[in-house]
Each structure stands twice: as C-alpha cells, then as structure tokens.
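Trainee: Mind having a look at this structure? Questions to follow.
Protein chains: 2
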Amino acid sequence: MKFDKVTIIGLGLIGGSLARALKGSGSVEEVCGVDADRSALKFAVSEGVVHTASAEIEEAVRGAEVVVVATHVGIITEVAKSAAEAVGNGAVITDVGSVKGWIVVEMERSLPEGVSFVGAHPIAGTERSGVRHSDGELFNGKLLIVTPTASTDPGAVEKVSGLWRLAGAEVVPMEPQVHDRIFGFVSHLPHVVAYALINAVAAQDDPPGMMGYSGGGLRDYTRIAESSPEMWRDIVLMNRDNVLSAIKEFKAALEKIERMVESGDSQGLEEEFQKSASAKREGG
Amino acid sequence: MKFDKVTIIGLGLIGGSLARALKGSGSVEEVCGVDADRSALKFAVSEGVVHTASAEIEEAVRGAEVVVVATHVGIITEVAKSAAEAVGNGAVITDVGSVKGWIVVEMERSLPEGVSFVGAHPIAGTERSGVRHSDGELFNGKLLIVTPTASTDPGAVEKVSGLWRLAGAEVVPMEPQVHDRIFGFVSHLPHVVAYALINAVAAQDDPPGMMGYSGGGLRDYTRIAESSPEMWRDIVLMNRDNVLSAIKEFKAALEKIERMVESGDSQGLEEEFQKSASAKREGG
Chain A
1 MKFDKVTIIG
11 LGLIGGSLAR
21 ALKGSGSVEE
31 VCGVDADRSA
41 LKFAVSEGVV
51 HTASAEIEEA
61 VRGAEVVVVA
71 THVGIITEVA
81 KSAAEAVGNG
91 AVITDVGSVK
101 GWIVVEMERS
111 LPEGVSFVGA
121 HPIAGTERSG
131 VRHSDGELFN
141 GKLLIVTPTA
151 STDPGAVEKV
161 SGLWRLAGAE
171 VVPMEPQVHD
181 RIFGFVSHLP
191 HVVAYALINA
201 VAAQDDPPGM
211 MGYSGGGLRD
221 YTRIAESSPE
231 MWRDIVLMNR
241 DNVLSAIKEF
251 KAALEKIERM
261 VESGDSQGLE
271 EEFQKSASAK
281 REGG
Chain B
285 MKFDKVTIIG
295 LGLIGGSLAR
305 ALKGSGSVEE
315 VCGVDADRSA
325 LKFAVSEGVV
335 HTASAEIEEA
345 VRGAEVVVVA
355 THVGIITEVA
365 KSAAEAVGNG
375 AVITDVGSVK
385 GWIVVEMERS
395 LPEGVSFVGA
405 HPIAGTERSG
415 VRHSDGELFN
425 GKLLIVTPTA
435 STDPGAVEKV
445 SGLWRLAGAE
455 VVPMEPQVHD
465 RIFGFVSHLP
475 HVVAYALINA
485 VAAQDDPPGM
495 MGYSGGGLRD
505 YTRIAESSPE
515 MWRDIVLMNR
525 DNVLSAIKEF
535 KAALEKIERM
545 VESGDSQGLE
555 EEFQKSASAK
565 REGG
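Top to bottom, those sequences are chains A and B. All the letters of the first sequence, read from the start, carry residue numbers 1 to 284 under the numbering used here. All the letters of the second sequence, read from the start, carry residue numbers 285 to 568 under the numbering used here.
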C-alpha cells in the first residue's frame, strides 16, 4: 500500500518510531510530524525522523490521507477533533491510545461528514519515552489492534491496517469493548498492582531502606511502575469499569492464596503456584 | 582467605555457580560437590564445575572446613543436620535459603558441639535452574546477606563471609528476623502477587486467550511466576507471619488506588502513581 502524505501528531516514542518506520518503508511520499514541543520537532527534522514538520495541526494535516494521533491518551479526542475539522474530505483519522471504547464513542459522535475515524492500539513500547528513543523497528513483529465498529468505513480500516503493516506490525481487529476488557486485565491491572506494591514497600520504615533490596523480585515491578503517572491516571479512569472488575478478580485470587498461607495449606499453595506456571507456558 | 576443602551440597543454579566461582578463584584447594541427582554430579565433574564429587553427604563433608547447603529451602535444615553430624570438629555449616529466621533457630538448637552454623542468603539468581545454567560470575557484585546471632562464633562468620567474597559478593550482616521482614516485602510478596495476578488473568474466559496479550505489562509478571512452585510454597510457609503482614499492607495500598478509581479521583491517582515512580528512583 502506498500513501502520498501521512501526518503524525505527537512525536513521542510511539509517534516518532512510527514516523521512522513509515519513512524507512519508502511507501509514504511525505511523513509530516507535529509536536507542541519545538525541541522534539527540531530533533525529528535534523535526525530525518520525518520528511516535514510543523507546530500547527491545521497546517500539518492539509493534504494528509491518514492522520495518526499519537499524543498522551488523555488528549487524544481533543486533538483528533481538531485534526478532523482541518483535514480534507476522505481523510482517515486514527490514534494509538491504550483505551479504545471511550475514544471510539467520543470520536464517532463528533466526526464531520467525509472524515473517518479508526481506533488503533500498537502493543509495543518501552519504559523510555520521547522521540530521542524512537526506533523504526519498534513495531516489527508486534501486534496492532484495530477497533472498527459497525459504522466504520471498511476502506478506512484497510488504510490504517496497511499503514501499520508498512511498520511491520501484525494487524488484529477487535471490538473496542473487547479490547478494553482484555487490556484492563493484561495491562492496566498489572500497572495498578505494580504501583500499589511499590507504594506498600516504600511506605515501610521498619527497617528503612527496603527499596534498596530490589534483586529478589521487586525489580520487575519497579520497571513497570516507572511508566508515566499522568498517562496511567488517564488510562485507568478512561477504562474505569474494566479496571475495577480486574482489581476485584485479582483480589479474589490473592485472598485465596492469603487464606492458604494463613492455614498452612501446603498442597493448596503448590497447586495455586503450579497453575500460574502452567498458564504462563500456555500463554507464551 | 584460603580454604583447603569446601563442600557444596546441592548442585543447582546457586550451588553450581558458587562451586564454579570458588574453583575459579584459585583460593580453594578442593571444591567438593554433592547431589542426589547422578546426572547433575556427572555434569559437574565432566565440566570441571567441582574438583571432586560424591552422592554421599557423609563422605563428601569429611575434612571440609566449610559446608554450604544449597538444596531446596524446604530440606535445608534436614540436610544441614546430617552434614553437622558427619563433619569434623571446628567445621562451619552455612546455607543459601531465602528464609533465615526459621532455619537459624532450628539449626542452633540442634548443632553438635564444635560445629558452627551461619545463615546466609545470596541475592542473585535467574528464572533458570540447574547446574547446566550455573555461572561463576552469578554472584559478582551482588549482595550476600549473612545472619549471625548473639551465639554465633565470630570466626565462623568471617569464614563464610570470606568464602562469598571469593565469589565476588558484597557481604552484608543482618539479624535473621530483619532479613525475613525485608524479604517478605521485597521478594516473597512480589512472588505471591505475581502468582495471584497470573491466576486471575488466566481464569478469565470472556474472552478466552487473554494470556496471549502479554506485551502490555503482563510479561514481567509471567517472568516472576515462572519460579519453582515447590520452592515458593516452602518459602511463604517458612516466612508465614511476614508474608501475611506484607500481603495486608499491599492490599491496603491497592484498595487506596481502587477507591480513587471508583470515585474518579484524578489528582489522587496521579499522586499515588507519582509516589511510586519516585520511590523507584530513590531505591535504585
């Protein structure tokens, strides 16, 4: 699939990496980057992350076939609406947000005539952020979940899927609500739990300095809890019901183990722990 | 520090790696390995992990200055007692168990005259196990916690500390009860939580196959939950009170976040998540 112009709003790790991949593919005539941060824009131009750059959405989306909104999740709909107002007839707006239901509903009820919106979520990333860490190989072999609804134009879905395939991603379609339930469990819950665990350990002062002993299992949690507090605040609030239901299920699983520790149920504990090791191997 | 003979009982990842490090240091005349598994013994001899090997504890500990019990934590005291009965006068027995209080108390009330016990816990390891994955550099630059009590012979503590320094470890003395409280929080709790989280996700069948989407945060948990179910059953039961108290503190931290999600407390959530990111940075 070939594109004349693709505009990416938000040159962070995700937006910058997508820009590099699309530019590198040779199948996009013009990759245009937008960012409110002038130093990110300057870097993107001087390092050849994009072909062209602009600080103005209205200017940048002119003539774009696809506009990818890769800003922080909390401002995606606001930015996408501005882009939709400014973009030409027949253009497709898409995003990269970790929550889909809320964004898709909000976009569908506000789209101007002749503009399509297709929700998307690349399952890739690192703890690092910013265009300086962007990497054209970030999405290679990774999943890209695309969340069309009954009212989404199939041609628009094809364009967004084709774009991500240029970056090496494997495209998987999913209903927005199914996406949010799954990622409430496999991504949002693990983050909430990591934050709670680090907070619980850090709050201990008898003895002080426990956080210094991270070699025995804590380090994997600290890595998760390094993610942006603002972003995760927005994600859990935008996916509130699923996150609450995931927390509830997790607490039940934890309390089952807690009761076994209390009663010294050695066999039960081994079975619980074994179940987990098997689930891991099946999930891959 | 130089040693004539050191016997290591249990040639798994930890025992095998210590054997390689001590042999490699050139400061131990004879590193003798013991394992009930003949294929592990054969591997250890043919690959030069140890100087000598035996399947019999009684034979292997003869003439040893230090005996390191590196078996599964659940049988450490049983094995250490056999070694203590067979070893010569003036010898030191030590271990590598993740729980110290219970082991130290149990050993101190059963030691024969003329034999010392010093509890120890190397803070190193990988998800892999077995002598085939052993690595002479595993302890290099890592912590070794040594847990003497008021009745431990200072000379014996020096010997055990010196041995681990030959393997490159940094030796930190700590009371057994302090060790167990700290590691209840920084190691045993993270494992229990990872097991509970993986079990909660794996139990979902709407939609099925959630474990397949591990890229968004779940992967770090599956890594932790890969550890041996038998070993973790023993550890949490041997450190029961500390593990229960850590679970309680963790649940309180989680429920604080849960209430904020419920009430849509955006500022509170950002603060909770920020606290965690800061604690991480301080802990290093």
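Don't be surprised by glycine CBs; every beta carbon is placed ideally from N, CA and C. Model, not experiment: these values are computed from the prediction.
Give me the chain A residues within the contact set of ALA451/B, using Cβ-Cβ distance strictly less than 9 Å, ordered along the chain.
Mentor: Those do not exist, as ALA451/B stays about 15 Å from chain A at its closest Cβ, beyond 9 Å.
Trainee: As an exercise, report each continuous beta strand (DSSP E) stretch of at least 3 residues that is fully enclosed by the stretch 21-91 of chain A, in chain order.
Mentor: As far as the stretch 21-91 of chain A is concerned, its whole beta strand (DSSP E) runs of at least 3 residues are 28-34, 52-54, 66-69.
Trainee: I'd like to know if LYS384/B contacts chain A, where contact means its C-beta is closer than 8 Å to some C-beta of that chain.
Mentor: No, LYS384/B lies away from the interface with chain A (no Cβ there is under 8 Å from its Cβ).
Trainee: Is GLN551/B buried or exposed, if buried means 16 or more other CB atoms sit within 10 Å of its CB?
Mentor: When all chains shown are included, GLN551/B counts as exposed.
Trainee: Suppose the cutoff is 7 Å on Cβ atoms and the five residues either side in sequence are ignored; what does the same chain contact list for TYR505/B look like?
Mentor: Hits under 7 Å: ALA478, LEU481, ILE482.
Trainee: Less than 8 Å between CB atoms is the rule here; does LYS426/B satisfy it with respect to chain A?
Mentor: Yes - at least one Cβ of chain A is within 8 Å of the one on LYS426/B.
Trainee: Determine the closest residue to GLY88/A out of SER129/A, ARG38/A, LYS5/A, LEU22/A, with distance taken between C-alpha atoms.
Mentor: When only C-alpha atoms are compared, the closest one is LYS5/A.
Trainee: Measuring CB atoms only, is the stretch 175-184 of chain A touching the stretch 126-137 of chain A, in the sense that at least three cross pairs come out at less than 8 Å?
Mentor: They do not touch, by the three-pair rule.
Trainee: Is the CB of VAL73/A under 8 Å away from at least one CB in chain B?
Mentor: No - not a single Cβ of chain B is within 8 Å of the one on VAL73/A.
Trainee: Roughly how far, in whole angstroms, is the beta-carbon of VAL351/B from the beta-carbon of VAL380/B, given that I think they are within contact range, below 8 Å?
Mentor: With 8 Å as the limit, VAL351/B and VAL380/B do not qualify as a contact, their Cβ atoms being about 12 Å apart.
Trainee: Just to make sure I have the definition right: I need the residues of chain A whose C-beta is within less than 9 Å of the C-beta of ASP419/B. Which are they?
Mentor: Simply none; closest approach about 15 Å.
Trainee: Pull up the DSSP beta-bridge partners for VAL430/B, would you.
Mentor: Answer is ALA404/B, PRO457/B.
Trainee: Do VAL333/B and GLY300/B count as a contact pair if the criterion is CB distance below 8 Å?
Mentor: In contact: GLY300/B and VAL333/B (Cβ atoms closer than 8 Å).
Trainee: Using beta carbons (cut-off 8 Å, strictly below), is GLY414/B in contact with chain A?
Mentor: Chain A contact via Cβ: absent.
Trainee: Mind listing the chain A neighbours of TRP448/B? Cutoff is C-beta to C-beta under 8 Å, in chain order.
Mentor: Ordered by position in chain A, no residue passes the 8 Å Cβ test against TRP448/B, which lies about 15 Å from the chain.
Trainee: For chain A, find out if any of its Cβ atoms is closer than 8 Å to the Cβ of GLN558/B; answer yes or no.
Mentor: Yes, GLN558/B lies at the interface with chain A (some Cβ there is under 8 Å from its Cβ).
Trainee: For LEU295/B, which residues of its own chain have a beta-carbon under 6 Å away from its beta-carbon, when the five flanking residues on both sides are left out?
Mentor: Once the five neighbours on either side are set aside, the close Cβ partners of LEU295/B are GLY317, ASP319, ALA324, ALA328, VAL415.
Trainee: Identify the residues that DSSP records as bridge partners of THR94/A: which are they?
Mentor: According to DSSP, THR94/A bridges with VAL68/A, VAL118/A.
Trainee: What does the Cβ neighbour count give for ASP518/B, buried or exposed, with the cut at 16 atoms within 10 Å?
Mentor: It is buried - the Cβ of ASP518/B has at least 16 other Cβ atoms within 10 Å.
Trainee: Comparing the C-beta of ARG543/B with each C-beta of chain A, is any distance below 8 Å?
Mentor: Chain A contact via Cβ: absent.
Trainee: Can you tell which of ILE257/A, GLU272/A, VAL261/A, ARG240/A has its C-alpha closest to the C-alpha of ILE541/B?
Mentor: Nearest C-alpha to ILE541/B: ARG240/A.
Trainee: Counting only runs that start and end within the stretch 163-235 of chain A, where is the beta strand (DSSP E) found for 3 or more residues in a row?
Mentor: Those beta strand (DSSP E) runs which fall completely within the stretch 163-235 of chain A and span 3+ residues are 170-173.
Trainee: If GLU270/A sits next to GLU514/B, beta carbons under 8 Å apart, how far is it from one beta carbon to the other, in whole angstroms?
Mentor: So it is a contact: roughly 6 Å between Cβ atoms.
Trainee: What residues in its chain sit with their C-beta under 6 Å from that of ASP571/B, if we drop five residues either side in the sequence?
Mentor: Any answer about residue 571/B is impossible in this case: the structure gives chain B only from 285 up to 568.
Trainee: Secondary structure at PHE139/A, three-state DSSP: helix, strand or coil?
Mentor: PHE139/A falls in the coil class under three-state DSSP.
Trainee: In terms of residues, what are the limits of the beta strand (DSSP E) holding ASP525/B?
Mentor: Per DSSP, ASP525/B belongs to no beta strand (DSSP E); it is in the alpha helix (DSSP H), 524-547.
Trainee: Measure the beta-carbon distance from ALA279/A to ALA486/B and round it to whole angstroms, keeping in mind my assumption that it falls under 8 Å.
Mentor: Contact holds; Cβ gap of about 3 Å.
Trainee: Alpha carbon to alpha carbon, how far is TRP102/A from ILE75/A?
Mentor: Rounded to whole angstroms, TRP102/A to ILE75/A spans 12 Å at the Cα level.
Trainee: Roughly how many angstroms separate the alpha carbons of GLN204/A and ALA537/B, rounded to a whole number?
Mentor: Cα to Cα, GLN204/A sits roughly 12 Å from ALA537/B.
Trainee: Are the C-beta atoms of ALA80/A and some chain B residue less than 8 Å apart?
Mentor: Judged by the 8 Å Cβ criterion, ALA80/A is not in contact with chain B.
Trainee: Near GLY284/A, which residues of its chain fall below 7 Å by C-beta distance, leaving aside the five closest residues on each side in sequence?
Mentor: Bear in mind that a pLDDT of 44 at GLY284/A, under 50, signals an unreliable position, so the number given afterwards is only what the model happens to contain. Within the same chain, GLY284/A has no close Cβ partners at all.
Trainee: Find the residues of chain A that neighbour SER550/B, judging by a C-beta separation of less than 7 Å, and give them in chain order.
Mentor: Here the neighbours are ARG233, LEU237.
Trainee: Measuring only between beta-carbons, confirm whether VAL201/A sits less than 8 Å from chain B.
Mentor: It does; some Cβ of chain B falls within 8 Å.
Trainee: Given VAL172/A, which residues of its chain have a CB within under 8 Å of its CB, disregarding the five upstream and five downstream residues?
Mentor: Excluding residues within five positions, the ones whose Cβ falls inside 8 Å are LEU143, LEU144, ILE145, VAL146.
Trainee: Between VAL118/A and PRO207/A, what straight-line distance do the alpha-carbon atoms span, to the nearest angstrom?
Mentor: Those two C-alpha atoms are separated by around 52 Å.
Trainee: Give me, in chain order, the residues of the same chain whose beta-carbon lies closer than 6 Å to that of SER187/A; leave out the 5 immediate sequence neighbours on both sides.
Mentor: Around SER187/A: no qualifying Cβ.
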